[in-house]
Amino acid sequence: DVTGEIKLTEGVEMVMPGDNITMEVELITPVALEEGGRFAIREGGLTVGAGVIVRVDN
C-alpha cells in the first residue's frame, strides 16, 4: 500500500458510483508504475475506487 494525494480536475468536487473521471495522483513513496496498470483507492479499509493508469509523469 502506498499513500498519495489525489488532485481532481477543476470543477469536480465529488465522484459518485458509476462516474468516470480523470485525476492526478502524487505518491509519497516512489513506486514503479506502468501505463495500463490497474490500481485501487482505499479509505478506512474499504475500496472506494479503482482505475487504470493512462500516463506516468516523472
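Going left to right, the sequence shown walks through residues 196 to 253 as this note's numbering numbers them. Positions of the beta carbon are idealized from the N, C-alpha and C atoms, including for glycine. Since this is a predicted model, take the numbers as computed values, not measurements.
Bridge-paired residues (DSSP) for residue i
i      : result
LEU241 : GLU238
GLU247 : Going by the sequence as given, residue 247 is Val instead of Glu. VAL247 is bridged to ARG233.
GLY213 : Answer by DSSP bridge pairing: none, since GLY213 is not bridged.
Three-state secondary structure (DSSP) of residue i
i      : result
LEU222 : strand
VAL207 : coil
Residue i - containing beta strand (DSSP E), residue span
i      : result
GLY231 : Taken as a continuous stretch (DSSP letters only), GLY231 belongs to no beta strand (DSSP E), as it is neither H nor E.
Close Cβ partners of residue i (< 8 Å) along its chain, the five nearest in sequence each way excluded
i      : result
ILE248 : LEU228, GLU229, GLU230, GLY231, GLY232, ARG233 and PHE234
THR204 : ILE216, THR217 and MET218
6 Å CB neighbourhood of residue i in its chain, flanking five on each side removed
i      : result
VAL210 : ILE216
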